[in-house]
Structure formats: structure tokens, C-alpha cells
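Peer 1: Numbering (numbering that gives the first Met the number 0), first residue to last: 0 to 60.
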Amino acid sequence: MAKAKKQTRRGRNQDRARVAGGQDYEVRYEAGKTGRSKAAVKKAVKKVGTSRKKVERRLGR
Numbered sequence: 000m001a002k003a004k005k006q007t008r009r010g011r012n013q014d015r016a017r018v019a020g021g022q023d024y025e026v027r028y029e030a031g032k033t034g035r036s037k038a039a040v041k042k043a044v045k046k047v048g049t050s051r052k053k054v055e056r057r058l059g060r
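(1) Is arginine 11 helix, strand or coil by DSSP?
(2) May I have the straight-line CA-CA distance separating glycine 34 from arginine 9, to the nearest angstrom?
(3) Residues in its own chain within less than 7 Å of lysine 41 by CB, not counting five upstream and five downstream?
(4) Look at the Cβ atom of alanine 38, then the Cβ atom of leucine 58, and state whether they are nearer than 8 Å.
(5) Work out the CA separation of lysine 4 and arginine 56 for me, nearest whole Å.
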């Protein structure tokens, strides 16, 4: 199956709802947003999963 040429709105929304713990730029963004360290963000992602809401709740934002 060929990859879609344009990312759908649904795909973007689903992507924004997740934090990819292995992607340095996402970890850095979330760390800056919450005022916590990158290590704390990675630990939160491991503990609660990749849901952005759960990660932010865990980090106390």
C-alpha cells in the first residue's frame, strides 16, 4: 500500500496527542513546556506511556 501524499487532519491530531520518548526534539519541547528536565520527561513517558495528557499530568503541569 502506498503512503498517503498528505497527512490527514486526523493523523496530525493523533500525532500531537503523543510524546515520542525517543525523539529528542519532542522530549526537549515537553521539557521546556513543563519546566522539567529531559530525563524527567523520558521517565514520565516510560512510567505512564506516550499520551501527552498523562505525561503532563505526571510532570505536574
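Glycine is no exception: its CB is placed at the ideal position from the N, C-alpha and C atoms.
Peer 2: Let's see:
(1) Here arginine 11 sits in helix by DSSP.
(2) Straight-line spacing of the CA atoms in glycine 34 and arginine 9 works out to 29 Å.
(3) Within the same chain, lysine 41 has close Cβ partners Gly20, Val26.
(4) No, these two residues do not count as a Cβ contact at 8 Å.
(5) Using only the alpha carbons, I get a separation of about 35 Å.
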